[in-house]
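Heads up, the numbering used here is the position in the sequence shown plus 1299, with the first residue counted as 1. The beta-carbon is built from N, C-alpha and C at its ideal position, and this holds for glycine as well. None of these values were measured; they are calculated from a predicted model. Worksheet: the structure to be examined is printed underneath.
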Amino acid sequence: MALIVQKYGGTSVGNVERIKVVAQKVKATKEAGNDVVVVLSAMSGETNRMIALAKQFNEHPSQREMDVLLTTGEQTTIALLTMALHDLDIDAVSMTGDQIRMKTDGSHGKARILDVETENLQQHLQKGRIVVVAGFQGRSPENNITTLGRGGSDTSAVAIAAALKADECQIYTDVDGVYTTDPRVEPNARRLDSITFEEMLEMASLGTKVLQIRSVEFAGKYNVPLRVLSSFKDGGGTLISYEENKMESPVISGIAFNRDEARLTLSGVPDQPTVAAQILSPICGANIDVDMIVQNTLGDGKTDFTFTVHNDDYLHAKELLEEVCVRLGAKSVQGSSDIAKVSIVGVGMWNHPGVAKTMFETLGQEGINIHQITTSEIKISVLVDSKYLELAVRSLHKAFELDVEPKEEK
Ligand code: ADP
Ligand code: ASP
Ligand code: MG
1300 MALIVQKYGG
1310 TSVGNVERIK
1320 VVAQKVKATK
1330 EAGNDVVVVL
1340 SAMSGETNRM
1350 IALAKQFNEH
1360 PSQREMDVLL
1370 TTGEQTTIAL
1380 LTMALHDLDI
1390 DAVSMTGDQI
1400 RMKTDGSHGK
1410 ARILDVETEN
1420 LQQHLQKGRI
1430 VVVAGFQGRS
1440 PENNITTLGR
1450 GGSDTSAVAI
1460 AAALKADECQ
1470 IYTDVDGVYT
1480 TDPRVEPNAR
1490 RLDSITFEEM
1500 LEMASLGTKV
1510 LQIRSVEFAG
1520 KYNVPLRVLS
1530 SFKDGGGTLI
1540 SYEENKMESP
1550 VISGIAFNRD
1560 EARLTLSGVP
1570 DQPTVAAQIL
1580 SPICGANIDV
1590 DMIVQNTLGD
1600 GKTDFTFTVH
1610 NDDYLHAKEL
1620 LEEVCVRLGA
1630 KSVQGSSDIA
1640 KVSIVGVGMW
1650 NHPGVAKTMF
1660 ETLGQEGINI
1670 HQITTSEIKI
1680 SVLVDSKYLE
1690 LAVRSLHKAF
1700 ELDVEPKEEK
């Protein structure tokens, strides 16, 4: 008998009909002889609706109370699915994050999972019950309700699968797997039968929201077999695998993008030791994540310092940088939140030096200006104006022939 953890995202439980379809799928998995733990998201749109509701009271509501509010979305769906399973004469019980002892740290809105106790879950499973768990939520050492960040139900599912040593963690969503890029942006995107953890981690960290990055980290760390599938149509989906044969891997596996970037430049900073640290320490002190850092020395004893942050943090980061500007006697602060990051990802890139050239030529031919570039062994990211995002993704997808089935699947 296998133990399967199935996670269903917001669109998969978006209305009564969808919940009934999920109940049938869960029933079929159980009747095929498996133990099943189901992890659910809130109905699609529900978390956004509640965020907007809270903002009608306060632009920056208490983070503790936000988590109390947002976790109700998942509490609703677990009860409804459990009722739907009861209607099918299936023994099932719903449990909140707190009830399964999902222990997290105390950082509201982006809590990290510390530990999952399996005792409660195991007791129900041993009685042949299906356990329907609320994703996205946990409990802090201070006994507060916490949430795991947007898309966090993926991470709940993988953490539960890891703790229970499940045979597979299946992430059911509205696409039938991981594609070479977001099929909503490039309709010619191709579904991948498998992708390595390394590539999936890079894609997720560069903005591919089909899996929350922490879920991929967890799965890699605890060896959880992870699969992305559709709850709308049948198929094998995409397996996130360990297999990594760099010599045979396609040069580029996928294109990721992130619309949520904003860019800040502090110019005319004295070119001295500790300057970079002095610029970034107030930003990091405010818990703002910094990405794509570039420093350009101008040769006149001055330097320009540029970095990107999440759009939501743009105004706050800009205020902090204005203060740094005065303190360091720098020239000015400039910024834009109308930018996007486009990245090509592939473990086969490391021994193909022509990849960057093809990328830059392709963007150049489309008249797309590149503001900033960063590279690693398995990715190249560029910053472009937001209005060029779709064009950049589609032209790169074509240039790297991602729509064409490779001769040999890896
Ligand atoms: P859920 O609500 O089920 O968690 P998400 O909206 O979080 O679903 O993730 C699924 C969406 O991810 C898809 O609808 C798709 O538009 C988007 N997506 C972005 N990049 C990719 C990709 N490379 N492959 C598949 N889906 C992607
Ligand atoms: N409901 C949460 C969100 O919308 C968590 C999730 O769906 O994974 O982000
Ligand atoms: Mg999601």
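Query raised in the report: Around the Cβ of V1703, are there at least 16 other Cβ atoms within 10 angstroms (buried) or fewer (exposed)?
Result: exposed
Report task. Assuming K1306 contacts V1338 (C-beta within less than 8 angstroms), just tell me the rounded distance between them. Result -> 4 angstroms
Query raised in the report: Within 6 angstroms: the Cβ of G1450 and any heavy atom of the ligand MG?
Result: yes
**Report entry** M1365 (DSSP reduced to helix, strand or coil)
**Finding:** helix
**Report entry** Backbone CA spacing between P1652 and N1595 [nearest angstrom]
**Finding:** 24 angstroms
Report task. Give a single yes or no on whether T1376 has its beta carbon closer than 6 angstroms to a heavy atom of the ligand ASP. Result -> no
Report task. Ignore the nearest five residues each way along the sequence and tell me which others in Q1398's own chain have a CB closer than 8 angstroms to its CB. Result -> Taken in chain order, the residues that qualify are N1419.
Query raised in the report: Using the C-alpha atoms, what's the distance from D1475 back to I1578?
Result: Approximately 44 angstroms, taken between the alpha carbons.
Report task. Please name the residue in V1431, A1383, D1637 and S1642 whose C-alpha comes closest to that of K1686. Result -> D1637
Query raised in the report: Quick one: any contact between the stretch 1426-1440 and the stretch 1480-1499, if contact means 3 or more CB pairs under 8 angstroms?
Result: no
Query - C-alpha gap between Q1422 and F1699, whole angstroms - result: 51 angstroms
Query - Any non-hydrogen atom of the ligand ASP within 6 angstroms of A1341 CB - result: Result yes, Cβ under 6 angstroms from the ligand ASP.
Report task. Can you give me the start and stop residues for the alpha helix (DSSP H) that G1663 sits inside? Result -> G1653 to Q1664
Query raised in the report: Would you report the Cα separation of A1655 and E1345, rounded to the nearest angstrom?
Result: Using only the alpha carbons, I get a separation of about 41 angstroms.
Requested in this report: Over the uninterrupted beta strand (DSSP E) stretch that includes R1449, give me the two end residues.
Outcome: Taken as a continuous stretch (DSSP letters only), R1449 belongs to no beta strand (DSSP E), as it is neither H nor E.
Report task. Answer yes if the stretch 1437-1444 comes into contact with the stretch 1401-1419, meaning at least three C-beta pairs across the two stretches below 8 angstroms, and no otherwise. Result -> yes
Query raised in the report: Tell me the DSSP bridge mates of N1557?
Result: K1640
Requested in this report: Could you say which of P1524, Y1521 and T1537 lies nearest to Y1478 if we only look at CA atoms?
Outcome: Of all alpha-carbon atoms in P1524, Y1521 and T1537, the one lying nearest the alpha-carbon of Y1478 is that of T1537.
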